[in-house]
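In the order they appear, the protein sequences are chains A and B. Residue numbering for the first sequence follows the working numbering, starting at 19 and increasing by one per position. Residue numbering for the second sequence follows the working numbering, starting at 13 and increasing by one per position.
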Amino acid sequence: MNQRIDRQICALSDAHQTGRLSRRTFVMRLLQLGLSTAAVASIAAEFRPAYAAAKDLKGHVRFLVGPWSEGEVDHQKHIAQAFNALHPDVTFDFRLYQWDTAAQEISASVAGGGHDIYMTTESSYPDYEAGNGFEDLTARINDPAFAAEKAKYLYWERTESYGPKLLGLPISWHVEDALFVNMDKVRAAGHDASFIDSWDKFLDCITKMTKEGETYGLGIGIQVGGYGEWYQRLRSAGGSYLTPDHTKPNVNLPDVVKVTEQMAELFKKGIAPPLGTYSYDAAPGAFAAGKLAILSSDLAGTTVLPKKVPFDWKLLPYPPGPVSQVNFNDVTYYMANAKSPDKDLLWEVMTFWTNGANDAYWADNSGTYPARTDAAQNGYGTNAAPQLAEALPLFEKHAVGLENFAQWATVEGLAEAEIQNCYAGKSTAAEAVANVEKIVKHEVGL
Amino acid sequence: MGLDAATGAGVPLGRLRLSAEEHRRLRHQARLRRELTGWLFLAPMFACFVIFLVLPVIGTVWWSLRSGGLGGETKFIGFRNFTDLPDTVGAGTAITNTLVFALISVPLILIGALAIALLLARIERGGSIYRFLIYFPVLVPGVVAALIWLFMTNVDFGLFNEVARALGGKPVVWLGADHALTVLAILDVWRNVGYWALFFVAAIIGLPKELYQAADLDGASALARLRYLTLPLLRRMIFFAVVVATIWGLQVFDTALVLTNGGPGTATTTVIYRVWLYMFGATNKIGVASAISLVLIIAILLLTLVQMRLLRGRRGGD
């Protein structure tokens, strides 16, 4: 609420300073805002929702969160300050884990009672569902008093598909791989944003954008494993790591081999830079410098791109595959340690952290999409690159999540590396896809 | 206090010497005190040895026989983690990458170190400066070294490609699938050659001078002195260096993680990298990671025994 008021005051102030509002109107609007705020505050005090904890909260809450952006801890502290405006006697501590070791750091911390609230990824959810380390929030989430609030969160069906226990409140959904597109180069190649409507148009466009020794049409394979670059092609070809009943692999299909060949062809033709040319950290810079006309990467890139890129750019999904158009994403949750003593405090903190305004603030600053339907009206897109908010409906339309089995992340990491061997010319597409199927069988134990 | 003064009140005058029994008892007490003092001094090291080596190895054996993860229940599954290893996709690649890495880096490190050591041993003025410069890369942590090389191998602005361009060549993708493992091995040479060079310098300086004076009088060439004097005299050092450098080479990990992330594809995925991947980048695969670790420990042990046997044979069985 405080942030919303703050934003409204800033907007009014800007309007007054730029001459769009007279002084009289400015003062009147401020007065109205003050009165309405007072009214809302008094109503809120009278009718606190039943799920909300007592007003006089006290305690110390320890967070273990992922390093989404360089300012992650600052963003967390920003939300903590807003919380402290309501509950000054609650103190916070924020620690970061590393992405590469996140699963083990979280497991070890949960087992040892090291932290109270954890930012967790969807890929580990099946594992957490099977264990007892995290507090079961089902009763609180399904409390009728929370129903209106629950309805604002996205993807409950995905969370509920993992089992009977609801362990987390979603804070964001993250597009694991998207196309950062230099639209100036697209137009120079005689195309427009519809070039992603089919693979043929896509191929034509990136071929024309490629200038030897100067620009590669498409930067792919920038990071090994784990962020779904090939996985979403697999899904777009009608494949998946496992069949829906999880009894056998669903990888080695003719269409999957075909889309893998299409990707490998980009390297053979010199449209994509050889693997190893750009690292994950260096790739956004190469895109900003025009060396990559299109960069295939996760949206964290939006937080590290220079503020002023000297060309028009957009975020777009991959073209459709033989079966469907797919944009792969996963959900980030907040979960509470079952060993932490004050569950009411943790619930109050988690619901505050994931409410519309704070969800919007955090997603805005971390290069992700909010997991709340009311995030847009709470200012989502205020701090982020405008391209991020603009692409939201497009990505949501094609959104596909990960599969519901515990070894998904293990398989994904190994499979993407195996497919890169094909991109590097070390194996054919058919061999690589067959190897991925073997990986699935071995890791899942089929 | 002397022994004579330590007699009791009831001992008659003139009998100040101790009996044989008392002597034995005192000797026993003194020996016990010495033993205890010794064990007391050894205790911290022994505790560290148990806590940081014995217990983890026991833990690794325990985990290797189980399935499950840190956060949930585990189940005893016998040797299944071991028997499944040969079917693992990429296992062969990881082993090949590790051996190729060791085969490139270990000979280059040791030959380079010996060559540098022979030069350093001849320098009489300012030797310490050269030694520091040679040793400096050893002081750089693996992660930092990898980051330095990440810049040096950058395609667009890296040092290597700047040199290539200055010489009229085309830029090279140093961390591409074809070169990444070699670059990783060269980085290892850069990091470790100084360590072994100083090791050899110390050994060379300690060699008996009179043998070299005699060789000079006999008119032996520099090459002959190296072949018939220096190398045979350094054989124990070289043997030790070969064994230890090989063990280190087979354990390459940190630079592979930072410089190439095991890629592109599986081009730089080594055995330890694969262990790390199962340990930290996978769900409930600690048992598999432990099984691979144990197999690697045994493989290194066997390789060391083979090396010892081969090198001992060459030394004529001494």
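Cβ coordinates follow ideal geometry from the N, Cα and C atoms, glycine included.
- For a cut-off of 8 Å, the C-beta gap from B/L193 to B/T267 is around 11 Å, too long to register as a contact.
- A/V275 is positioned such that its CB atom lies closer than 8 Å to that of A/A447.
- Judged by DSSP in its simplified three-state form, A/P359 adopts coil rather than helix or strand.
- Contact note: A/D118 reaches chain B through F292, G293, using a C-beta cutoff of 7 Å and chain order.
- Rounded to whole angstroms, the gap between the alpha carbons of A/V429 and A/D330 is 37 Å.
- Our two residues, A/V451 and A/M281, have alpha carbons roughly 13 Å apart in a direct line.
- In the DSSP annotation of this structure, the continuous segment of the beta strand (DSSP E) that includes A/H192 starts and ends at 186 to 193.
- In the DSSP assignment, B/L38 is bridged to no other residue.
- The Cβ atoms of B/T258 and B/V101 do not sit closer than 8 Å to each other.
- It is roughly 10 Å from the alpha-carbon of B/V66 to the alpha-carbon of B/A59.
- The Cβ neighbour count for A/S125, taken over all protein chains shown within 10 Å, is at least 16; the residue is labelled buried.
- Approximately 18 Å separates the beta-carbon atoms of B/V264 and B/Q319; this is outside 8 Å, ruling out the contact.
- Where A/D111 is concerned, the enclosing beta strand (DSSP E) starts and stops at 108 to 114.
- Residues of chain B with a Cβ closer than 8 Å to the Cβ of A/K183 do not exist; the shortest Cβ-Cβ separation is about 13 Å.
- Per DSSP, the continuous alpha helix (DSSP H) segment holding A/N439 begins and ends at 426 to 441.
- In the three-state reduction of the DSSP assignment, A/K266 falls in the coil class, being assigned neither a helical nor a strand state.
- Under the Cβ criterion of 8 Å, A/L293 is counted among the residues facing chain B.
- The Cβ neighbour count for B/E47, taken over all protein chains shown within 10 Å, is under 16; the residue is labelled exposed.
- The way I'd put it, the stretch 77 to 86 of chain A does touch the stretch 122 to 137 of chain A; three or more beta-carbon pairs between them come closer than 8 Å.
- Taking a C-beta distance under 8 Å as the contact criterion, A/I238 and A/E247 qualify as a contact pair.
- A direct Cα-Cα distance of roughly 37 Å separates A/N160 from A/A433.
- B/N173 does not reach chain A, its nearest Cβ partner there being about 11 Å away, counting only Cβ pairs nearer than 9 Å.
- When Cβ-Cβ separations below 8 Å define contact, B/G90 makes no contact with chain A.
- Distance between A/Q405 and A/T386, taken at the CA atoms: about 12 Å.
- Under DSSP, B/K87 forms a beta bridge with B/S79.
- Residue-level contact check: B/G154 does not touch chain A, since none of the beta carbons of chain A fall below 8 Å from its beta carbon.
- Excluding five sequence positions before and after B/L187, the CB atoms of its chain that fall closer than 6 Å to its own CB belong to T165, T272, given in chain order.
- With three or more CB-CB distances shorter than 8 Å, the stretch 90 to 101 of chain A counts as touching the stretch 366 to 378 of chain A.
- The continuous alpha helix (DSSP H) containing A/R253 extends over residues 249 to 254.
- Here A/F112 is buried, its C-beta having at least 16 other C-beta atoms within 10 Å.
- Residue pairing of A/A417 in beta bridges, as defined by DSSP: A/N345.
- In this structure, the alpha-carbon of A/Q122 lies about 14 Å from that of A/H133.
- Closest by C-alpha distance to A/S358, out of A/L185, A/Y171, A/E153, A/G339, is A/E153.
- Chain-ordered, the chain A residues with CB closer than 7 Å to the CB of B/D99 read H460.
- According to the DSSP assignment, B/V152 belongs to no beta strand (DSSP E), since it is labelled neither H nor E.
- Burial is judged here by how many other beta carbons sit within 10 angstroms of a residue's own beta carbon; B/P68 has fewer than 16 and is exposed.
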